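Numbering (the working numbering), first residue to last: 10 to 80.
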């Protein structure tokens with residue numbers, strides 16, 4: 010598992026928001042490849058506070074803890 014964590018790509022949101030077409034394209038390509046090949050990506054320069062990140066995690070966990078009906 011630890012080896013898998015080392016393979017999680019880290020991309021920089023500043024590339025997407027830079028206004029530079031090449032950097033934005035690179036970000037989009039890296040994001041797509043990460044989700045396609047691994048299904049997960051770490052994003053730098055997101056400017057989320059710890060409080061917001063914790064709340065997002067809490068809400069995501071609550072969503073995925075919901076029961077699946079009809080299956």
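Virtual Cβ for every residue (Gly too), placed ideally from N, Cα, C. Computed from a predicted structure; not experimentally measured.
- Item | Beta-carbon proximity list for residue 56, same chain, < 6 Å, skipping 5 on both sides | none
- Below 7 Å CB to CB, which residues in the same chain sit around residue 35 once its five sequence neighbours on both sides are set aside? 24
- Item | Presumed contact (8 Å Cβ cut-off) between residue 52 and residue 17, rounded CB distance | The Cβ separation is near 11 Å, so there is no contact.
- Query: Is residue 19 helix, strand or coil by DSSP?
  - Reply: strand
- Message: Quick check on the DSSP output: the beta strand (DSSP E) that includes residue 52 runs from which residue to which?
- Response: 51–53
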